[in-house]
Amino acid sequence: MKDNPYLPVRARIEKIIQETCSPELDVKTYCLKLADGGEMNFLPGQFLELSLPGVGECPFGFSSSPLGRERFQLTVKRTGKVTGMMHSLREGDHVWVRGPFGNSFPLEKMEGSNLLFIAGGLGLAPLRPFILYALDASNRSKYGAVDMLLAARTGGDHCFTYEYDEWRNKGNVTIRLTIDKQEPGWKGLVGFPHDLVRDLALDLDALYAILCGPPIMIKAAQRSLMEMGLPADRIYTTLEMRMTCGVGKCGKCNIGRRYVCVDGPVFRMSDLSEMPAEY
Amino acid sequence: MSFETQQKELRDLCAALLRDGAVESVIGFGERSDSCCVCPPIAAKREKDAGKLAWNSRCVPNLAPYLPLRGKTAIVAKPCDARAVVNLIVERQIPRESVRIIGMDCAGMTGADGNPLRACAECGERRAPVADDIIANEISSRRELEDTRGEYSAKRFKDEMKKCILCFSCRQACYGCYCQTCFADRVLPNWQPAEPGFGAKMTYHLGRAMHLAGRCVECGACENACASGVDVRYIIRGVTEFIEKEYGFRAGIDIEASPVMQSCSMDDRNVGFWGGDERE
Amino acid sequence: MSRSDSISRDDLTRLLDVLGRDMRIAGPVKEGRTVDYGISSPDGLLMDDSVSYKSPKEFYFPQAERLMAFGGGTAEEEPASEPFLIFGVRPCDLEGLRILREIFLSGGYSDPFFRRRMENNFIIGLGCVERKEGCFCDKLGIDMRFSDFCDIMLEPDGESYHVEHLSGRGRAALAAVPQTAGVSCGVGRAATAPPPALYLDENADEQRLFGVIDWEEAAFPCRGCGICTFICPTCHCFEFKDSGRDGVISRYRCWDSCMYPRFTLHASGHNPRSARHERYRQRVLHKYLYVRKNTGYTACVGCGRCVRHCPAGMNIKDVAESVMEASR
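Chains A, B and C, in that order, are what the protein sequence lines are.
So the first sequence is numbered by the working numbering: it starts at 166 and just counts up by one.
So the second sequence is numbered by the working numbering: it starts at 79 and just counts up by one.
So the third sequence is numbered by the working numbering: it starts at 1494 and just counts up by one.
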């Protein structure tokens, strides 16, 4: 990239994992490798800009472990123009990427604490780098209990389900899955995270909560946590806006004086609560 | 009669309408903030707000795009504004009973330089064709209507297009451009290339002109909105003249009319397609 | 006889002729009924007190600019474009460029395209004689006769111009032309304008300013046309668009506008600023508060263009003043 942050480089799609597949929610995870053999050195919470030439460019949060730098993953829901075209690509095809951009979760600051991840739908994807980092054998001892409250619309809409058993085996890890409405055969929880979080036995003095999901879920869940007594500076979230340039120039992700692409996408709730709620 | 007396009559009427609850709000013109500005549209909601309504030679914007507001709404309407409201009713965009048209007799508006606006200089309408109230004004000096049409030619079109920066202000000012998503803004398919070149401008302006066939009320809002000085109205006027010649239809005159391009009759001449008249 | 630090209109034309050998000359020209910045020979430039309807920002940040082409293996950066000599830039617009430079070149990332144009373009500023209708640069603390953010500054003085060079390139340019080599520029003139009277406290609470005036009422006339952002000397929001031609796909950077609903529209359909008054508030507060918090500058220079050209008669000065009043 050198001195031009707008120039992307080519990356090869090594593998595609179909995460969910319903007409409403068609999600695939793409395992990518830079074509020039370079490394993608990103931190949990950062994002990149992905281009399909002639179609356009979109921001995506990394969804893979930051420890494996030769390959990285993006998890993409088929929604618009770029993601629609992305879904038609196959293994071996190339995309263009530039990044990483943005800030990251304060990994070191959270050491010694318990972690509560609350994700709604695809909101788990940008949290996954942090989860994988914290659960990695080299880091597991740095963090206490890891709780996850993972919400999805229906039972078939949870992502990364193939990994949950492995995560649970890392010790002191609890994963709770919830869906909006009861459906036949569902054994998990039913309801929304902002209600269910109140039922969790949490040690609020030693806890950091990390949220990601639709804006309405983030707003509701953080309200619950704060009502429960968790201070706003121990709640983190990651926002999604239309980050076009990624470098704080284009103005698309501007909220108040902040730019989500450079001042975020990770925000502490105590900072977010000072900002206009335009997210 | 003058602007001042019309303004007083207008304020009295609107105060009464708001006081009696005949309407919930009045869309009208406010006082301009600077001599170079046009009078900004305002919504008067309380009786005392009626005193803020202005009527002078700088009441330029067409107010029809500000409809609908919640509840029954009165609208201060120049003849062209009234025609726009009528055509919105004809096109079933607003119900007739939701709007009270206060027709302002109008001798034409002026630009910041005090000269008549071009659309106004060519306009012969002095009174709203359909109105619930008329604030009359005997227009004393009937100006000679100007004809600044010039010729329709590819060269002139290209010259006009040179000035256009594709900001789409003309569309936003137009009462008739009420599509939720304009074809020019669509992403799938994307009709507009990245560069604001001649092709992009032609696609937009000709596409818009076709969409306004039989719907343009010649208010000049497009041209007045254009900071670049493009004669936007010229582009559409050819279409409007064609509709008038072929179908005897002018938009916004008859509230019982059917939209001319949405209705057909066996008597319609087969013009415009397959060489038109030659096949008959 | 002209003063030693003044040049005549003829000598100015000669200076432009000489400089024009190496650079394309742009400046205010008459386009039909309007005045715009255009490419012109020196004798086609307007040298009077008329102001272009657009700002000169397009010579630094064009409306549509090719950034790169997707090659087989790498993205090929668009080579630097030929430099411009921009004549007749008003002090307000010069201050606008200063603000754009701050935005594009600072904050962790430096925009290479803007930077190259800053380095290569040559600006001749031109002071205003009279304040035009709608102008309010004085309220922003800008001297309508002078700004030092240029290479050469001209201040009209009857039939001639008081001249000042403000960069090494400006001095060299004057020295290279026989007619102007002799002028002894009194470098060191500082802008003389009262301190800004219209500004928002940079420590103001953003959320509070959302409630200090009735934004819905203030934005009622707005049609969301965005012409204010197109002609503004400091508006700088953009989007990328890809375009293919002759088998080569290029990426363009195009002006975008916070006044457009799709500006913040997510692919999901969610829109953080879905109402028109929210978008209008964004424009006002971005200029008067957010940029100020980040850079210290108010990103409005009082050029009056959006006031003169708003099809709905809106006036950002009045709105900013009412916010300032109400937030005291």
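The beta-carbon is built from N, C-alpha and C at its ideal position, and this holds for glycine as well.
For the pair of segments examined, the stretch 341 to 361 of chain A was found to touch the stretch 306 to 316 of chain A: the number of CB pairs separated by less than 8 Å reaches three. Separation of A:Leu197 and A:Glu204 (C-alpha to C-alpha, rounded to the nearest whole angstrom) is 11 Å. Remark: C-beta atoms of A:Ser216 and A:Pro173 approach each other more closely than 7 Å. Using a CB distance below 9 Å, the part of the stretch 412 to 427 of chain A facing chain C consists of Val412, Gly413, Lys414, Cys415, Gly416, Lys417, Cys418, Asn419, Ile420, Gly421, Arg422, Arg423, Tyr424, Val427, ordered along the chain.
No Cβ-Cβ contact shorter than 7 Å links B:Gly192 with B:Ala209. In the three-state DSSP reduction, A:His259 falls in the strand class (E or B). DSSP places A:Asn279 in the uninterrupted beta strand (DSSP E) bounded by 279 to 285. Along the length of the stretch 1601 to 1656 of chain C, whole beta strand (DSSP E) runs at least 3 residues long occupy 1615 to 1619, 1645 to 1650, reported in chain order. Residue pairing by DSSP puts A:Asp191 in a beta bridge opposite A:Cys186. Under the 7 Å criterion on CB atoms, A:Tyr444 is classed as interfacial with respect to chain C. Those residues of the stretch 98 to 122 of chain B placed with their C-beta closer than 7 Å to a C-beta in chain C are Arg110, Ser111, Asp112, Ser113, Cys114, Cys115, Val116, Cys117, Pro118, Pro119, Ile120, Ala121, ordered along the chain.
For the pair B:Ala305 and C:Ile1720, the CB atoms are nearer than the 7 Å cut-off.
When DSSP states are grouped into helix, strand and coil, A:Gln238 belongs to the strand group.
Here B:Glu238 carries a helix assignment [DSSP, helix/strand/coil].
Uninterrupted beta strand (DSSP E) stretches at least 3 residues long and entirely within the stretch 172 to 216 of chain B occur at 177 to 182, 211 to 213, given in chain order. Taken through DSSP and simplified to helix, strand or coil, C:Pro1535 comes out as helix. When the alpha-carbon of B:Cys297 is set against those of B:Ala121, B:Lys156, B:Arg148, the nearest one is in B:Lys156.
Under the three-state reduction of DSSP, B:Ile243 is assigned to coil, being neither helix nor strand. Proximity of A:Tyr195 to chain C, defined by a Cβ-Cβ separation below 7 Å, is not satisfied. By the criterion of a C-beta distance shorter than 7 Å, A:Met440 is surrounded in its chain by Ile420, Gly421, Arg423, once the five residues flanking it on both sides are discounted. What C:Asn1787 touches in chain A, judged by beta-carbon distance under 7 Å, is Arg422, going in chain order. For C:Trp1748, the beta-bridge partners assigned by DSSP are C:Phe1731.
In this structure C:Arg1785 is in contact with C:Leu1693, their Cβ atoms being roughly 7 Å apart against a cut-off of 8 Å.
Chain A has a Cβ within less than 7 Å of the Cβ of C:Glu1699. Nearest to C:Gly1618 by C-alpha distance, out of C:Ser1640, C:Lys1523, C:Ser1603, C:Leu1633, is C:Ser1640. C:Ser1736 is bridged by DSSP to C:Ser1743. Listed as beta-bridge partners of C:Glu1570 by DSSP are C:Met1561. In this structure, the beta-carbon distance from C:Met1516 to C:Leu1578 falls below 7 Å.
In this structure, C:Asp1636 lies away from C:Ser1660, with their beta-carbon atoms at least 7 Å apart. Shown here for C:Ile1592: same chain residues with a beta carbon closer than 6 Å to its own, the five before and five after excluded, namely Thr1727, Tyr1790, Ala1792 in chain order. Beta-bridge annotation (DSSP): B:Val104 is paired with B:Ala122, B:Ala152. Close to A:Glu439, with beta-carbon spacing below 9 Å, are these residues of chain C in chain order: Asp1698, Glu1699, Gln1700. Taking the Cα positions, B:Cys115 is about 44 Å away from C:Glu1570.
Of the other Cβ atoms in all chains shown, fewer than 16 fall within 10 Å of the Cβ of C:Arg1502; this residue is therefore exposed.
If only complete runs of 4 or more residues are kept, the stretch 350 to 437 of chain A shows the alpha helix (DSSP H) at 358 to 361, 380 to 393, 425 to 428, 434 to 437, in order along the chain.
By the CB criterion at 7 Å, A:Leu297 and A:Ser187 fall outside the cutoff.
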